[in-house]
Amino acid sequence: YIKKIESRITGHRSAMKKLQGLNKEQLREISRQIADAFYDYTYNEADIGLIKFISAREDMFTYIHGIVQAAYRSGVLYTTSDRQEGYLMLSGEGAGGAIGFSDGMRMIAAEKKALGGFRNMKRFIDACFSDGGTIETRMRKEKRKFLRIEMLVVRKEYQGQGYMRQMMEYVYALADERLIPVILDTDDRDKAARYEHLGMKLDRVRSCGEHFHMYDLIRR
Numbered sequence: 006y007i008k009k010i011e012s013r014i015t016g017h018r019s020a021m022k023k024l025q026g027l028n029k030e031q032l033r034e035i036s037r038q039i040a041d042a043f044y045d046y047t048y049n050e051a052d053i054g055l056i057k058f059i060s061a062r063e064d065m066f067t068y069i070h071g072i073v074q075a076a077y078r079s080g081v082l083y084t085t086s087d088r089q090e091g092y093l094m095l096s097g098e099g100a101g102g103a104i105g106f107s108d109g110m111r112m113i114a115a116e117k118k119a120l121g122g123f124r125n126m127k128r129f130i131d132a133c134f135s136d137g138g139t140i141e142t143r144m145r146k147e148k149r150k151f152l153r154i155e156m157l158v159v160r161k162e163y164q165g166q167g168y169m170r171q172m173m174e175y176v177y178a179l180a181d182e183r184l185i186p187v188i189l190d191t192d193d194r195d196k197a198a199r200y201e202h203l204g205m206k207l208d209r210v211r212s213c214g215e216h217f218h219m220y221d222l223i224r225r
């Protein structure tokens, strides 16, 4: 079943559903939808993003499927409605769960396979954490609580219909209840601009290699 969660923000009702009771094939289908959305995305000319490290569609599926399974088992994977127009993964204060050790190890194994082995995975991690580290790393060093958007994606056929805003408003409502900021990072300038349009502020741009930047955003 899917458990319905509702929250209220600035006078409007924003609804999300925590995904529960799914079988392996349903999880694979969700992973495929998310992986295709990432793989088929057209990047800004200055950015290559994740495609720089995962250039094959099936490798992208392997990478995303590992993340989806870990998020689902840990209770931090949400969707917009029964039609599942979009998906949201959260971490941090108020996320409702955390990735368990065994699930985390399986996720890392899937990521290593998708990236082509340990050496390539280290290159990817070093790039993502370069130029001063992620916004999450800096927040943790300052011992500040936060709610982090780990993944947010709208399926291709539902893009441009307000589902990204719905998910962002849900996250903002959770953060406002706890008086904490929302943080995220993304690998494309155009993606960052969409988040800015929906209330996030660009904290900094990190140079992580040729045609690879990470855009750190925060909503205080």
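Residue numbers (my numbering): 6 to 225. Positions of the beta carbon are idealized from the N, C-alpha and C atoms, including for glycine.
Cβ neighbour criterion (16 or more within 10 Å) applied to residue 67: buried
For residue 113 and residue 73, believed in contact at Cβ under 8 Å, the rounded distance: Not really, about 14 Å apart at Cβ, beyond 8 Å.
Cβ neighbour criterion (16 or more within 10 Å) applied to residue 85: buried
Strand pairing of residue 84, partner residues [DSSP]: 22, 92
Residue 75 vs residue 108 beta-carbon contact at 7 Å: yes
Exposure label - residue 69; buried when at least 16 CB within 10 Å: buried
Start-end ranges of the alpha helix (DSSP H) lying completely within the region 114-144, minimum 4 residues: 123-133
Sub-7 Å separation of residue 53 and residue 216 beta-carbons: Yes, Cβ-Cβ distance for residue 53 and residue 216 is below 7 Å.
Cβ-Cβ distance between residue 158 and residue 61 below 7 Å: no
Of the residues 21, 99, 195, the one placed nearest residue 187, counting alpha carbons only: 99
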